[in-house]
Every structure is written in structure tokens, then in C-alpha cells.
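Colleague: In order, the protein sequences belong to chains A and B.
Under my numbering, the first residue of the first sequence carries the number 42, and numbering increases by one thereafter.
Under my numbering, the first residue of the second sequence carries the number 42, and numbering increases by one thereafter.
For every residue, glycine included, the Cβ atom is placed at its ideal position computed from N, Cα and C.
Small disclaimer: the values here were computed from a predicted structure and weren't measured.
2 protein chains.
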Amino acid sequence: VILAGGAGERLWPASRRARPKQLLEVVDGQSLLAATWQRARRIAGKDRVWIVCGREQAASHRRETGLPASRILVEPARRNTAMAVAWAAHRIAREDPEAVFAVLPADHLVPDVGQFARDMRRAADAAREAGALVTLGVRPTRPDTGYGYIQLGRAAGRAHPGLRHVRRFVEKPDLATARRYLARGGYRWNAGIFAWRADVLLEEIARHAPELHRALAPLRGPKAKTRAAVERAFRRAPSLPIDVAVLERSDRVWSLPTDLAWSDVGTWASLAEELGVGTPGGKGSPEEHGNRVISGELLAEGASNNLVWGGERIVALVGVEDLAVVDTEDVILVTKLERGSDVRRIVATLNARGLRRLT
Amino acid sequence: VILAGGAGERLWPASRRARPKQLLEVVDGQSLLAATWQRARRIAGKDRVWIVCGREQAASHRRETGLPASRILVEPARRNTAMAVAWAAHRIAREDPEAVFAVLPADHLVPDVGQFARDMRRAADAAREAGALVTLGVRPTRPDTGYGYIQLGRAAGRAHPGLRHVRRFVEKPDLATARRYLARGGYRWNAGIFAWRADVLLEEIARHAPELHRALAPLRGPKAKTRAAVERAFRRAPSLPIDVAVLERSDRVWSLPTDLAWSDVGTWASLAEELGVGTPGGKGSPEEHGNRVISGELLAEGASNNLVWGGERIVALVGVEDLAVVDTEDVILVTKLERGSDVRRIVATLNARGLRRLT
Numbered sequence: 042v043i044l045a046g047g048a049g050e051r052l053w054p055a056s057r058r059a060r061p062k063q064l065l066e067v068v069d070g071q072s073l074l075a076a077t078w079q080r081a082r083r084i085a086g087k088d089r090v091w092i093v094c095g096r097e098q099a100a101s102h103r104r105e106t107g108l109p110a111s112r113i114l115v116e117p118a119r120r121n122t123a124m125a126v127a128w129a130a131h132r133i134a135r136e137d138p139e140a141v142f143a144v145l146p147a148d149h150l151v152p153d154v155g156q157f158a159r160d161m162r163r164a165a166d167a168a169r170e171a172g173a174l175v176t177l178g179v180r181p182t183r184p185d186t187g188y189g190y191i192q193l194g195r196a197a198g199r200a201h202p203g204l205r206h207v208r209r210f211v212e213k214p215d216l217a218t219a220r221r222y223l224a225r226g227g228y229r230w231n232a233g234i235f236a237w238r239a240d241v242l243l244e245e246i247a248r249h250a251p252e253l254h255r256a257l258a259p260l261r262g263p264k265a266k267t268r269a270a271v272e273r274a275f276r277r278a279p280s281l282p283i284d285v286a287v288l289e290r291s292d293r294v295w296s297l298p299t300d301l302a303w304s305d306v307g308t309w310a311s312l313a314e315e316l317g318v319g320t321p322g323g324k325g326s327p328e329e330h331g332n333r334v335i336s337g338e339l340l341a342e343g344a345s346n347n348l349v350w351g352g353e354r355i356v357a358l359v360g361v362e363d364l365a366v367v368d369t370e371d372v373i374l375v376t377k378l379e380r381g382s383d384v385r386r387i388v389a390t391l392n393a394r395g396l397r398r399l400t
Numbered sequence: 042v043i044l045a046g047g048a049g050e051r052l053w054p055a056s057r058r059a060r061p062k063q064l065l066e067v068v069d070g071q072s073l074l075a076a077t078w079q080r081a082r083r084i085a086g087k088d089r090v091w092i093v094c095g096r097e098q099a100a101s102h103r104r105e106t107g108l109p110a111s112r113i114l115v116e117p118a119r120r121n122t123a124m125a126v127a128w129a130a131h132r133i134a135r136e137d138p139e140a141v142f143a144v145l146p147a148d149h150l151v152p153d154v155g156q157f158a159r160d161m162r163r164a165a166d167a168a169r170e171a172g173a174l175v176t177l178g179v180r181p182t183r184p185d186t187g188y189g190y191i192q193l194g195r196a197a198g199r200a201h202p203g204l205r206h207v208r209r210f211v212e213k214p215d216l217a218t219a220r221r222y223l224a225r226g227g228y229r230w231n232a233g234i235f236a237w238r239a240d241v242l243l244e245e246i247a248r249h250a251p252e253l254h255r256a257l258a259p260l261r262g263p264k265a266k267t268r269a270a271v272e273r274a275f276r277r278a279p280s281l282p283i284d285v286a287v288l289e290r291s292d293r294v295w296s297l298p299t300d301l302a303w304s305d306v307g308t309w310a311s312l313a314e315e316l317g318v319g320t321p322g323g324k325g326s327p328e329e330h331g332n333r334v335i336s337g338e339l340l341a342e343g344a345s346n347n348l349v350w351g352g353e354r355i356v357a358l359v360g361v362e363d364l365a366v367v368d369t370e371d372v373i374l375v376t377k378l379e380r381g382s383d384v385r386r387i388v389a390t391l392n393a394r395g396l397r398r399l400t
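1. With 16 as the cutoff for other CB atoms within 10 Å, does Thr-267 (chain B) come out buried or exposed?
2. Can you check whether the C-beta of Val-306 (chain B) is within less than 8 Å of a C-beta belonging to chain A?
3. If you drop the 5 nearest sequence neighbours on each side, which residues of the same chain put their C-beta closer than 6 Å to that of Ile-133 (chain A)?
4. When burial is assigned at 16 or more other CB atoms within 10 Å of the CB, is Lys-21 (chain B) buried or exposed?
5. Do Leu-73 (chain A) and Leu-150 (chain A) count as a contact pair if the criterion is CB distance below 8 Å?
6. If you measure between the beta carbons of Val-356 (chain A) and Ile-335 (chain B), is that distance less than 8 Å?
7. Against chain A, does Thr-400 (chain B) count as a neighbour if the rule is that its beta carbon must be under 8 Å from one of theirs?
8. Is the CB-CB distance between Asp-160 (chain B) and Thr-376 (chain B) below 8 Å?
9. In terms of residue numbering, what span does the alpha helix (DSSP H) encompassing Gly-155 (chain A) cover?
10. Please state whether DSSP places Glu-66 (chain B) in a helix, a strand or coil.
11. Could you give the distance in angstroms between the alpha-carbon of Ala-118 (chain A) and the alpha-carbon of Ala-85 (chain A)?
12. Between B:Arg-89, B:Trp-78 and B:Arg-96, which has its C-alpha nearest Pro-152 (chain B)'s C-alpha?
13. What are the residues of the region 336-361 of chain A that lie near chain C, defined by any Cβ-Cβ distance shorter than 7 Å?
14. What residue range does the beta strand (DSSP E) around Val-115 (chain A) cover?
15. Check the Cβ-Cβ distances between Leu-374 (chain B) and every residue of chain A, and say whether any is below 8 Å.
16. Excluding sequence positions up to five away, which residues of its chain have a Cβ less than 6 Å from the Cβ of Gly-343 (chain B)?
17. Could you please tell me which residues of the region 365-389 of chain B, in chain order, have their CB closer than 8 Å to any CB of chain A?
18. Start and end of the beta strand (DSSP E) containing Asp-29 (chain A)?
19. For Ala-307 (chain A) versus Gly-319 (chain A), is the C-beta spacing smaller than 8 Å?
20. With DSSP as the reference, label Leu-316 (chain B) as helix, strand or coil.
21. Cα-Cα, which of A:Val-287, A:Pro-263 and A:Gly-233 is closest to Arg-248 (chain A)?
22. Would you call Pro-138 (chain B) buried or exposed, if buried means 16 or more other Cβ atoms sit within 10 Å of its Cβ?
23. DSSP has Glu-338 (chain A) in a bridge; who is on the other side?
24. Provide the residue span of the beta strand (DSSP E) that contains Tyr-188 (chain A), from first to last.
25. Considering only C-alpha positions, which residue in the set B:Arg-82, B:Ala-250 and B:Trp-295 is nearest to Ala-197 (chain B)?
26. For Val-154 (chain B) versus Arg-80 (chain B), is the C-beta spacing smaller than 8 Å?
27. The beta strand (DSSP E) that contains Thr-176 (chain A), what's its start and end?
28. So within the region 248-273 of chain A, which uninterrupted alpha helix (DSSP H) runs reach at least 4 residues, ignoring any that extend past its ends?
29. In chain order, what residues of the same chain lie with their CB nearer than 8 Å to the CB of Ala-270 (chain A), ignoring the 5 residues before and after it?
30. Give the DSSP-derived three-state secondary structure of Trp-303 (chain B) in the structure shown.
31. Measuring only the C-alpha atoms, how far is Ala-256 (chain A) from Ser-311 (chain A)?
32. Using a 10 Å radius around the Cβ and a threshold of 16 neighbouring Cβ atoms, would you call Phe-189 (chain B) buried or exposed?
33. Beta strand (DSSP E) containing Trp-237 (chain B): first to last residue?
34. Give me whichever residues DSSP pairs with Val-207 (chain A) in a beta bridge.
35. In three-state terms, what does DSSP make of Ala-76 (chain B)?
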């Protein structure tokens, strides 16, 4: 199940409402969604992949993946991941209640598809055999304050070597706390990549998220697949992440600790890190000085460690460092990389001024 | 005599070969040339203004000023200011050898036209009555290493109060020297704004710049006004600034010290200073944080002391300081203001790559 409903305004102005983050061609001219589709295909046959997304995105996602309309679950409203995942669980449970499914956010960067597939197979085995809700626990590489953390607990048992119970979840710690986690070990980033049995997830929703469980009632009835049932369910559903609604409360949650390289590409800074901004590249090129060019052409003079998202125009940088420069048809963004999360405020300002066409 | 032949590649990419600095609308939507034309008109009748420029610029300069073609001296080649001024001196001397003329570079910023006119009248009086070569000596406001300096000498005499002999010229001192000049006083910026009699200038050229004098021979003959004579003269003329060719050597040079606000707008940094970048402006606007917008629209979030030359696109700045951001149809420049003189190297790179259409 690919979750592809995100807006991703932190990568504005490259990402827009009409061109969300997962459609951006960030690496090697491939969109994040296309890369996610490839990862999904490595762990599931084509006829076993589902996409959950919004109305605006459905058509482009169909084109990108070639999936039939019946496999694209179009949300009538945005209700965060708990509802998206619960809806998919109901649809899958109709075909096979004990089916194990994986949840893959469409806008993450996971360069090593092979490692990803190996990890997911182990997670799926644990989900199938032990009925666990399994979340990937990515080893932190920096004290990031934008991610949720998992504290690993005791080993899951001999049948599932490496897997661990989860002691607790911590959402976006402050910098001092994040540094402590990194130094102490035993903490992992919660990547939002999961594997579980449909029936187990629905049981745990019933147990720990009663409000959501009640909202799902129309999806359990005989007319579950009708548009009216779906709309009724979404109207009543709380808007919650699945982590908060279920995982933080359930005692069936395991984590698979992994060294998988992973980023949610939430800000220009995290994208810059993934692309190697700051590390010297090709000699005699702008990359020699730690610059990286996603698209367009860069001329650099005494400029280092910048990320350039160019368009038709040449981008000339002189004497500047640690910037993201993003050129689009109607907006140019120049941001200090470390301040990239403030880009949201520009988006808010534009919306407040009635300039939604720019957001 | 307005000198309007400059290329001004330091304000690239706003300035181009086909759109030199003097045509840029830098302040209040008025081009530097148009402002220079207004200054010239304050000190001379319309039929007494000349423009010296290159072939590419002649048509637009005629449109801008309404001057007849006979008053626009089109240089067959670029030979720096000594030749430009000497040619004008010959043309003026044919009408009136003792005529006093002023030399006004077309790409400088002189906001106070009234003060300018008063200064020029005093300079012209000294030139007319004492036969002096008079240069404006602008009081330095910072230890600029891009300007030439004048060391003031003894007073010129009771008939011309305030005017001073020039002890010596210093071209572009290093920072320590420039600081010393500023602290010690008695030093002025050589603004490249002059007043002198045509005959006196030509005498001093004959005395101190023999090579230039010989090259000028065709302009003294009976066919002086023909294209062939002009081309012959330019072919043989050395490429020298008038300061170096004559003023540094002549003992008839006076300076009029003045507090006139003046900038040669040679770099994005000097333009930024003239426009008040770094000083808080309108409350609640991006200018509050010391940003200045020449054109286009700026959205700023934690961004201060930046100069924006925008186009059609909105420019969004987040967490950046002391930048010039210049958006044009085919190039975007982002430069640290203090590194603005390195912009020339980008221009050189583009020319070397055969991308002259961008320079």
C-alpha cells in the first residue's frame, strides 16, 4: 500500500498542490513515486499493489504506475495516515483477512532497493508468523529534530532474530534530546514504513482507536465498496497518524532495526544531505566544491555546498554557501539550507494573500 | 559631453552588451543615462550636449535623449576615455576653441541634481578663467578599494575659493591605504567628472600624451569630420583613461572638493549601498529588515540586507543575508554583495564557452 496523498509544501516552490513532492524528479530524473513503485514491485506482484491518494493526484498516479482504477483508493478528504491505512486494510481483508501488507510512503528516498526488499521480507515474516505490527527502525545519522524516534525494547524472540519490541515512541524531540538518543544508542528513526496483517491491524484499531473504529463501520457493511460508504466513513474519521492512533498504544508493536539509507526528504536541507551537498564531487565541475545540481545548469564562482533546482535559466552563484536555489516558472526561492523548514511560512503568506496559484 | 560607451559587466546579468549599465532603470524607474541627461540639461542648453558611445548604443541613446545624430559621436572602436574626450574636444573646438565643457559619465548615480549643478558651475568658472583642468573631488564615505583617489594640494587662490591644486592621483589603493586616506583626510574620490576648456585640454594632450596627440592628427585636418578620419584616428589611438594620459602628468589640474553624493555603481555592492540596503525601511515590509527591491516582488522570511532585482517571478528569500538576487529572462544571479566584483568571472566563463548571447 503506497501512501501518496501528501502535499509536501516544505519542498515549495518545486512542490505545489498540483505537483506534490512524490511527483518531483529528485534523483536521476525519476520521481519519488516512481521509485516507490519500483520498491513496491520488488516485494509484491503488480496486482497486489494499492495506492491511497487524493482526487487531484489519482490521474497522474495511474499514468505513472499503470495500475487499474480499482487499485487506486481515492480519499474523499485528507484524514492523515490512520484512516488511509485502515481503509486499505478493510479492502485487503475482504480478499484475504490474514494477508500481510506493507505501508510505503510515496515521498521518501530509499536508494538501496535490494536492502529495502530484504528488510521488508523479514518484517513481513514477523507480521505473518507472530501477528506483530512491525515498523522499520532506521539507524539515525544525525540528531534530526524533525523525525519521530523509537526506543528499542527487548528482543522479539529466537524465531525472529534481530527484531525487537518497541519500548516507546518519541515524536520530534528537541535538539538536546535528539543528541542524547544518538549518543546513547538504542534509538531509531520511525520511518513510517510498516508491515502487518490486515486483520491484526483492524483488531488493534478496534482496541486502541475506538473513534476511528466507529468511523470505519460503513466499510465493514455490505455496501463497503460504494462511494457513499467511503464518504460516510471519511466524514466521521479523526485525522490522526497511524503511529499516534495505534502504534503508541499497542503492545504488539515490533521494530526491525536496520542500517537502510532513508530520508523523508521533508526539507531542502534533508534533500541536500541525501544528494551529497557538502561533499566534493567531479573535479573541475561546480560539484567539486560540494554543490549539487538536481536540474538546470549552474555556474559557480567561489560558491560551495549549494543545492540548485534550476529550470530553463542558467543559475550563477558567486561567493555563496549552504543555499538552496530553486527556479520555477513563477517563483524563485533562495533559502539558507538550515532554515529550509521556514519555507512553509512563505507558503502560508502566499495563501493568506490569496495567491493560491503559487502554492 | 556624456560618456556613454561603457559595458558595465559588473552589473551582469541585469546589464548586458546589448543593454549596458547606463540603460538600467536603477532608481525610480529612470535609467542612469536619462538621469545623466537631466543633469547635463541643468548645466547646458539642449543644443550643447554631446554623447560619445559605441555603435550598439547610438540608436537607443538617440531615442532616450532626442539628440540629433550630429551630436552623437559614435566611436568606431573602444579606446577608453582619453580618446573619447579628445575627440569631443576637437569637435567642440571647431565651434569655439575656448568653450568650456564638462565630462559626465552616463552610468554614475548622482541623486542631488541641484548640488551637482552648483558644483559644476564653480568648476566651469575655474576652467574658463584660470585655464584649469578641474576634477570633482568627492568626499569618501568608506575605504573603497575600487575607486581612484586624489590627494588635495594647496589652495588654488583667492579668485577661486575652495578649489585646490591636486598633489597626486592614486589608482585603486589597497584596503590599509584606503583606510589611512579616510582617517587622515585630504584625500578625495576621483569621480571622473571634469570641466575644462577644449583648447586647454588639447594643449595638455599635446604636451603629456604625445602618442594620443599624433593619433588625433586626422581630426585636426580639413576632413576631420569624415568617417575615414575618425576611423584612422581611432585605429592609432592608445587605449588610456584621461586620468592616466593627462591628469596625472599635467600641473594645471585642480580639484573642487565636494560633499556631493556620488557612486559609480560599479558593483552590486555599491548599488546596494546607494539604495540603502542594510538600513531599515518601511515597517511591516521586507524593507524593514534592510532589504531593497529595485524591481519585481520580494517575499522575505528571516532575510535581511538583501538587494533584489526581480522580474516577472516572485522572489522568496528565507534566512539569507547580504545577497544580491537578480532575476532575468535567461539567467539568475545570486551573489554575496561583498563578492560582487567576481561576477565578471562568470561573464568571462560564459564568453569563453561561446555563450555570448548571455553576456
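Modeller: This is what the structure holds:
1. Around the CB of Thr-267 (chain B), fewer than 16 other CB atoms lie within 10 Å, so the residue is classed as exposed.
2. Under the 8 Å criterion on CB atoms, Val-306 (chain B) is classed as non-interfacial with respect to chain A.
3. If we look at Ile-133 (chain A) and ignore the five residues flanking it on each side, its Cβ neighbours are Ala-140, Phe-142 and Ala-239.
4. One cannot answer for residue 21 (chain B) here, as it falls past the ends of chain B, which runs 42 to 400.
5. Yes, Cβ-Cβ distance for Leu-150 (chain A) and Leu-73 (chain A) is below 8 Å.
6. Against a cut-off of 8 Å, the Cβ pair of Ile-335 (chain B) and Val-356 (chain A) comes out as no contact.
7. Not an interface residue.
8. Contact check for Asp-160 (chain B) against Thr-376 (chain B) fails: the beta carbons are separated by 8 Å or more.
9. Run containing Gly-155 (chain A): 154-171, per the alpha helix (DSSP H) assignment.
10. When DSSP states are grouped into helix, strand and coil, Glu-66 (chain B) belongs to the strand group.
11. Taking the straight line joining both Cα atoms gives about 28 Å.
12. Relative to Pro-152 (chain B), the option among B:Arg-89, B:Trp-78 and B:Arg-96 whose CA is nearest is B:Trp-78.
13. Going by chain labels, chain C is absent from the structure shown, which instead holds the protein chains A and B.
14. For Val-115 (chain A), the enclosing beta strand (DSSP E) begins and ends at 113-116.
15. By this cut-off, Leu-374 (chain B) is an interface position.
16. Correct list, in chain order: Gly-360.
17. Under the 8 Å Cβ criterion, the region 365-389 of chain B contributes Val-366, Asp-368, Thr-369, Glu-370, Asp-371, Val-372, Ile-373, Leu-374, Val-375, Thr-376, Lys-377, Glu-379, Arg-380, Gly-381, Asp-383, Val-384, Arg-386 and Ile-387.
18. This structure gives no information on residue 29 (chain A), because the portion of chain A shown stretches from 42 to 400.
19. Here residue 307 (chain A) is Gly; the residue named in the question, Ala, does not match the sequence. Result no, Cβ atoms of Gly-307 (chain A) and Gly-319 (chain A) do not sit closer than 8 Å.
20. DSSP, read as helix, strand or coil, puts Leu-316 (chain B) in coil.
21. Of the listed residues, the one whose Cα sits closest to Arg-248 (chain A) is A:Val-287.
22. By the neighbour-count rule (16 or more Cβ atoms within 10 Å), Pro-138 (chain B) is not buried but exposed.
23. Beta-bridge pairing links Glu-338 (chain A) to A:Ile-355.
24. Unbroken run through Tyr-188 (chain A): none, as it is neither H nor E.
25. In this structure, B:Trp-295 is the residue among B:Arg-82, B:Ala-250 and B:Trp-295 with its C-alpha nearest to the C-alpha of Ala-197 (chain B).
26. Against a cut-off of 8 Å, the Cβ pair of Arg-80 (chain B) and Val-154 (chain B) comes out as a contact.
27. In this chain, the beta strand (DSSP E) harbouring Thr-176 (chain A) covers 174-179.
28. List check, alpha helix (DSSP H) in window: 251-256 and 258-261.
29. Cβ contact annotation for Ala-270 (chain A) (same chain, cutoff 8 Å, sequence separation greater than five): Pro-259, Leu-260, Gly-262 and Lys-264, in chain order.
30. Looking at Trp-303 (chain B) - three-state DSSP - the assignment turns out to be coil, as it is neither helix nor strand.
31. Ala-256 (chain A) and Ser-311 (chain A) have their C-alpha atoms roughly 36 Å apart.
32. Reading the sequence as shown, one finds Gly at residue 189 (chain B) and not Phe. By the 16-neighbour rule on beta-carbons within 10 angstroms, Gly-189 (chain B) is buried.
33. Start and end: 228-238.
34. Val-207 (chain A) has A:Leu-193 as its beta-bridge partners, per DSSP.
35. Three-state result, Ala-76 (chain B): helix.
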